[in-house]
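Contents: one structure, followed by commentary.
Residue numbers (the numbering used here): 138 to 288.
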């Protein structure tokens, strides 16, 4: 009898613990749904810090791959949708921090110049989940063109 009452009291706490939170999600920040509004995609900042203040701002690192040799580079989009504005292009072999995943899109952060790899600040913890505002570029790429290297 007492055990049954304890279970009834503990059930709401267990359900609350299992509900979605802003805490760690693993897998480089698998996040909320990919809906972008009725008017189509608009700019959407890449978020960092999904794994909490004790872990790197971006959990994974990858390289651009699977592009044709004569291509212009992998399109970097302003939002996680194929119809979003192309804001940049990055070449094969280029390293990117993989920070957030929305559907088949990955939010990436990368140095502005491939020949000058500066510290983008994604390998250090941040106190809370937040939009990336560091010294590097960021945007959204199709996950099919990234090869996971670490994380």
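Note that the Cβ used here is the ideal one computed from N, Cα and C, for glycine as well.
By the three-class DSSP mapping on this structure, what secondary structure does residue i have?
i, result
"residue 198", "strand"
"residue 279", "strand"
"residue 169", "Only weak support is given to the placement of residue 169: the predicted model assigns it a pLDDT of 46, under 50, and the value that follows is read from those uncertain coordinates. Coil at residue 169, not helix or strand."
"residue 273", "coil"
"residue 212", "strand"
"residue 185", "strand"
"residue 232", "strand"
Give me the residue from the options with the minimum Cα distance to residue i.
i, options, result
"residue 232", "242, 257, 238 and 214", "257"
"residue 211", "254, 228, 245 and 198", "228"
"residue 215", "245, 195, 252 and 287", "245"
"residue 230", "195, 275, 205 and 276", "205"
"residue 183", "249, 243 and 251", "243"
"residue 278", "241, 254, 203 and 209", "241"
So, using beta-carbon positions, are residue i and residue j closer together than 8 Å?
i, j, result
"residue 283", "residue 201", "yes"
"residue 236", "residue 259", "yes"
"residue 272", "residue 193", "no"
"residue 247", "residue 185", "no"
"residue 274", "residue 217", "no"
Name the one or two DSSP bridge partners that residue i has.
i, result
"residue 244", "237 and 277"
"residue 223", "214"
"residue 285", "199"
The region 215-230 in contact with the region 184-197 per 3-pair CB rule at 8 Å:
no
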